[in-house]
Structures are given as C-alpha cells and as structure tokens.
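A.B. asks: The sequence shown lines up with residues 1 to 149 when you count with the UniProt record's numbering. One structure, as structure tokens, below. Some questions next.
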Amino acid sequence: MLTIHAADEVRLTWDDPEPVKDGAVVVEDIRVRAAGPLEEIQERFPGARVRRWPGVLGPARVHEGPLPDAPTPRERVHVVLKSGATAVLAEHTDTPELRAAAERNDVVVLAGPRPPAIVDDGRADLAVFDEAGVCVATVCAGRLVHRRR
Numbered sequence: 001m002l003t004i005h006a007a008d009e010v011r012l013t014w015d016d017p018e019p020v021k022d023g024a025v026v027v028e029d030i031r032v033r034a035a036g037p038l039e040e041i042q043e044r045f046p047g048a049r050v051r052r053w054p055g056v057l058g059p060a061r062v063h064e065g066p067l068p069d070a071p072t073p074r075e076r077v078h079v080v081l082k083s084g085a086t087a088v089l090a091e092h093t094d095t096p097e098l099r100a101a102a103e104r105n106d107v108v109v110l111a112g113p114r115p116p117a118i119v120d121d122g123r124a125d126l127a128v129f130d131e132a133g134v135c136v137a138t139v140c141a142g143r144l145v146h147r148r149r
C-alpha cells in the first residue's frame with residue numbers, strides 16, 4: 001500500500017538548505033519511493049492514502065545516548081520511538097533483552113552514529129516535529145509507530 005506523508009515542510013536531511021514547502025514523502029512497504037512537493041507527488045501516485053502532518057517532516061533520528069529509563073526493555077525502546085528516533089547505538093543496547101526489544105520493533109542498531117537522510121528506495125524511517133521541537137509522529141520501517149494525540 002502506498003502512503004503519502006505530507007507536511008508543511010519536508011527536509012531530506014535535517015540540515016537541508018532547501019526544504020520543500022508543502023512537501024511529501026511516498027512510502028511503500030518499508031521503502032521510500034519518492035519525495036518532493038505534495039502536488040507533484042499526488043500526480044505521480046494517484047490513489048495513494050495521504051497522511052497530513054503539522055510541522056516539519058524529515059528523516060527519523062539516531063538516538064545516540066543511553067536509552068531512557070523505563071520499567072521494561074520494550075518500553076525503553078518505545079520512549080526512543082516517541083522521540084522521533086528509529087536507530088540506536090550498539091554501545092547502548094548492552095543486554096540481550098534490550099537488543100531483542102529493538103529488533104522486534106524494527107529499530108536499527110548501529111555500530112556508530114550516522115547522519116540520517118530520506119533517499120529514494122531507502123528505508124522509510126521518518127519523523128515529524130512541531131514548532132516547539134516535539135515529535136508529532138514517527139514512522140519506522142514504513143510503519144506508523146508513534147502519533148501524538
């Protein structure tokens with residue numbers, strides 16, 4: 001199923017010098033199929049479901065520090081997802097239970113930090129932030145895993 005994630009602004013990288021106003025990213029299964037102005041994306045992908053988000057949509061972030069405290073490894077991973085991150089560093093997944101929770105939730109475990117980016121045919125890891133920098137939504141491997149109510 002094709003889903004278009006649209007927002008007031010889309011950034012292919014967080015330091016993108018030319019963000020797309022009224023932009024969109026097309027997701028099919030776990031992959032990004034295209035990104036650009038919403039009007040163009042809707043013409044290229046007619047019939048796709050559209051999810052409209054307030055704020056700025058960009059690549060999901062990498063959580064570079066220790067995972068937040070929570071009662072269970074699953075809940076620790078969910079706190080990371082709620083922050084707009086879909087990747088963590090291996091050095092901070094120091095127990096088998098934490099690594100298993102990350103794997104079950106499609107969270108990528110990285111050997112080291114890397115700059116996130118939205119690229120065609122790349123994994124669909126997206127995050128939307130409001131004007132205050134609060135995560136509104138997180139898409140992990142094409143699945144909506146967090147939506148602030």
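For each residue, glycine too, the CB sits at the ideal point set by N, CA and C.
Less than 8 Å between the CB atoms is what I'm expecting for residue 210 and A137, so what's the real figure, rounded?
C.D. replies: Here the chain covers residues 1 to 149 and nothing more, so residue 210 does not appear.
A.B. asks: Quick check: the Cα distance between E40 and W14, rounded to an integer number of angstroms?
C.D. replies: Answer to the nearest angstrom: the Cα atoms are 22 Å apart.
A.B. asks: Looking at T86: is its Cβ nearer than 7 Å to the Cβ of C140?
C.D. replies: Their beta carbons are under 7 Å apart, which means T86 touches C140 by this criterion.
A.B. asks: In this structure, does DSSP put R99 in helix, strand or coil?
C.D. replies: Reduced to three states, the DSSP call for R99 is helix.
A.B. asks: P37 and G23 - do their beta-carbons sit closer together than 7 Å?
C.D. replies: Cβ distance < 7 Å, so G23 and P37 count as in contact.
A.B. asks: When the distance is taken between beta carbons, is V50 closer than 7 Å to A35?
C.D. replies: No, they are not a contact pair.
A.B. asks: Is the Cβ-Cβ distance between A90 and R31 less than 7 Å?
C.D. replies: No, these two residues do not count as a Cβ contact at 7 Å.
A.B. asks: Go to V56, then tell me how far its beta strand (DSSP E) extends in each direction, as first and last residue.
C.D. replies: Segment R49 to P59, the beta strand (DSSP E) holding V56.
A.B. asks: Can you look up I41 in the DSSP assignment and give me helix, strand or coil?
C.D. replies: Reduced to three states, the DSSP call for I41 is helix.
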